[in-house]
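J.: Residue numbering for the sequence shown is 321 to 706, as defined by my numbering.
From the three backbone atoms N, C-alpha and C, an ideal C-beta is built for every residue, glycine too.
No experiment lies behind these values; they were computed from the predicted model shown.
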Amino acid sequence: MTKLNIGMVGYKFMGKAHSNAYRALPMFFPDRITPNMKVICGRNTAAVSAAAAQFGWAEHTSDWKALVSREDIDLIDINAPSNAHKEIAVAAAQAGKHFYCEKPLALSLQDSREMLEAAENAGVKHMVGFNYRFAPAVMLAKRLIDEGRLGDIYHFRAWFLQDWLVDPDFPLAWRLQKEIAGSGAHGDLGAHLIDMAYYLIGDITEVIGMSETFIKERPLPEETGGLSATSGNQAETGPVTVDDATLFLARFGNGALGSFEATRFATGHRSTNSFEINGSKGSVIFDFERMNELQVYFKDDKEDVQGFRRVLATDPAHAYSGVWWPAGHPIGYEHTFTHAFVEFLDAIEQDRQPVPNFNDGVKCQQVLEAVELSVQERKWIYVASL
Ligand code: SOE
Numbered sequence: 321m322t323k324l325n326i327g328m329v330g331y332k333f334m335g336k337a338h339s340n341a342y343r344a345l346p347m348f349f350p351d352r353i354t355p356n357m358k359v360i361c362g363r364n365t366a367a368v369s370a371a372a373a374q375f376g377w378a379e380h381t382s383d384w385k386a387l388v389s390r391e392d393i394d395l396i397d398i399n400a401p402s403n404a405h406k407e408i409a410v411a412a413a414q415a416g417k418h419f420y421c422e423k424p425l426a427l428s429l430q431d432s433r434e435m436l437e438a439a440e441n442a443g444v445k446h447m448v449g450f451n452y453r454f455a456p457a458v459m460l461a462k463r464l465i466d467e468g469r470l471g472d473i474y475h476f477r478a479w480f481l482q483d484w485l486v487d488p489d490f491p492l493a494w495r496l497q498k499e500i501a502g503s504g505a506h507g508d509l510g511a512h513l514i515d516m517a518y519y520l521i522g523d524i525t526e527v528i529g530m531s532e533t534f535i536k537e538r539p540l541p542e543e544t545g546g547l548s549a550t551s552g553n554q555a556e557t558g559p560v561t562v563d564d565a566t567l568f569l570a571r572f573g574n575g576a577l578g579s580f581e582a583t584r585f586a587t588g589h590r591s592t593n594s595f596e597i598n599g600s601k602g603s604v605i606f607d608f609e610r611m612n613e614l615q616v617y618f619k620d621d622k623e624d625v626q627g628f629r630r631v632l633a634t635d636p637a638h639a640y641s642g643v644w645w646p647a648g649h650p651i652g653y654e655h656t657f658t659h660a661f662v663e664f665l666d667a668i669e670q671d672r673q674p675v676p677n678f679n680d681g682v683k684c685q686q687v688l689e690a691v692e693l694s695v696q697e698r699k700w701i702y703v704a705s706l
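1. Starting from the C-beta of G602, find all residues in its chain whose C-beta is less than 6 Å away, skip the five residues before and the five after it, and write them out in chain order.
2. Would you check if the distance between the CB atom of L436 and the CB atom of H638 is smaller than 9 Å?
3. Could you tell me the distance, in whole angstroms, from the CA atom of P488 to the CA atom of L567?
4. Just the Cα atoms here: how many angstroms apart are W645 and L614?
5. Within 10 angstroms of its Cβ, does S548 collect 16 or more other Cβ (buried), or is it exposed?
6. Checking 9 Å against the spacing of the C-beta atoms, do Y640 and V662 come in under that value?
7. For A582, count neighbouring C-beta atoms within 10 Å of its own C-beta (all shown protein chains included) and say buried if the count is 16 or more, exposed if not.
8. So does the stretch 511-530 actually touch the stretch 448-459, counting three or more Cβ pairs closer than 8 Å?
9. Rounded to whole angstroms, what is the Cα-Cα separation between D483 and F606?
10. Under DSSP, the beta strand (DSSP E) around T583 begins and ends at which residues?
11. Exposed or buried, which one is D680 when buried takes at least 16 other CB atoms within 10 Å?
12. Exposed or buried, what is S432 when buried is set at 16 or more other beta-carbons lying within 10 Å of its beta-carbon?
13. For N451, verify whether its CB is less than 8 Å away from any heavy atom of the ligand SOE.
14. For G648, which residues in the same chain have their Cβ closer than 6 Å to its Cβ, ignoring the five residues on either side in sequence?
15. In this structure, what does DSSP give as the bridge partners for L387?
16. Where does the unbroken alpha helix (DSSP H) through P456 begin, and where does it stop?
17. Sorted by chain position, which residues of the same chain lie with C-beta nearer than 6 Å to A660's C-beta, five sequence neighbours on each side aside?
18. Starting from the Cα of A366, find the closest Cα among K683, D394, S382, P355 and give me that residue.
19. Please state the DSSP three-state secondary structure of K336.
20. State the beta-bridge partners of R672 as determined by DSSP.
21. Would you say D508 touches the ligand SOE, meaning its beta carbon is less than 8 Å from a heavy atom?
22. Go ahead and label G552 buried or exposed: buried means 16 or more other beta carbons lie within 10 angstroms of its beta carbon, across all protein chains shown.
23. Which class does F450 belong to by DSSP, given the choice of helix, strand or coil?
24. Entirely within the stretch 460-508 and at least 3 residues each: give me those beta strand (DSSP E) ranges in chain order.
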């Protein structure tokens, strides 16, 4: 197989990020299967037609059901709002299509399990959009842990801080409505942290959390609206039904302790996505705003040079880096999506499941839900009990 026809549902922020990745892929990874940008789909015909022209899709449609059943489509890419994921994923599986789905997988753990089951019954390949795993500096952290170079892991602490909701006039966009988004900062940002923890450290066994919705009513939006939604001075308001911030503590199966903070109210932080890991032989610190770097500390360094050092993950020694630009030339947010799709296409070619797939998505959903239950019941929850 040299070419795969893509049908993509969604055309906003993630639709643009995915389209950009598909376009870059054949130029930088010419030996891989070519993703053919066949059909883009969205509810608003005028907007999706403009997106098709701007992003480079051959066709557009507003009928996802017809898209999913088309003979000439091999892979369905789902990046519509979260409440649409399940129906499209199950239909795609039943039509025998491989599919890629943005995070969080679904509105509930039960729904995500049904999506996984549909994919397994159909024998198709499935992947979930945890793109931050694919930053070369994160992959270096993974290698250091797997090779035992940080020793036994004691701590994982992670924070994903944004501030786009601090303004009380920001409207009630879809990400603030539980029936569309599932949850707020928790599922949107916390999901990335949980996946990172699972990828780097392993299974989380128990959690205890707390959550807050600081601004409980907001003006209604002009349209469903994303991160740049406006209210157009609407006087009418509606209730915010998701968390603005969720924090939790966790125990890992290997004995490590974790702390997690996801908030849209960290004034001054546009998108600070970071983690620190401390082990018996060393530590690492990652900050997405400096995503080409990993701070590393090794306890065995000579006493007179002890300290954190900055490793640039842009040398050819690092995952994917040799493919882009000469050593020392940084890459960005968009490259993490290209790397994720390279993994997906490789998995299809090699007839294996890509990583992260829906098993990983369900694991994340299980922790998300355990934290929500813990917040509700104000107690520790065993993740395996869900
Ligand atoms: C918005 O909060 C958002 O775009 C998330 O939805 C993404 O998953 C995250 O990568 C950046 O922030």
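T.: The relevant details are as follows:
1. For G602, where only same-chain residues beyond five positions count, the Cβ hits under 6 Å are L470, Y617, F618, K619.
2. Taking 9 Å as the Cβ cut-off, L436 and H638 do not qualify as a contacting pair.
3. Rounded to the nearest angstrom, the two C-alpha atoms are 22 Å apart.
4. Cα to Cα, W645 sits roughly 19 Å from L614.
5. With fewer than 16 other Cβ atoms within 10 Å, it is exposed.
6. Contact check for Y640 against V662 passes: the beta carbons are separated by less than 9 Å.
7. With a 10 Å radius around the Cβ and a threshold of 16 neighbouring Cβ atoms, A582 comes out buried.
8. Short answer: they touch.
9. The straight-line gap from Cα to Cα measures roughly 20 Å.
10. Where T583 is concerned, the enclosing beta strand (DSSP E) starts and stops at 577-583.
11. That one is buried.
12. By the neighbour-count rule (16 or more Cβ atoms within 10 Å), S432 is buried.
13. Yes, the beta carbon of N451 sits closer than 8 Å to at least one heavy atom of the ligand SOE.
14. Only residues of its own chain outside the window of five on either side were considered, and among them T634 have a CB closer than 6 Å to the CB of G648, listed in chain order.
15. L387 pairs with nothing; no bridge assigned.
16. Run containing P456: 456-466, per the alpha helix (DSSP H) assignment.
17. Only N451, F454 meet the Cβ criterion.
18. Nearest option by C-alpha distance: S382.
19. DSSP places K336 in helix when its eight states are reduced to three.
20. DSSP, once it has assigned bridges, lists no residue as partnering R672.
21. Short note on D508: C-beta closer than 8 Å to some heavy atom of the ligand SOE.
22. By the 10 Å Cβ count, G552 comes out exposed.
23. Here F450 sits in coil by DSSP.
24. Counting only runs of 3 or more residues that sit fully inside the stretch 460-508, the beta strand (DSSP E) segments are 473-481, in chain order.
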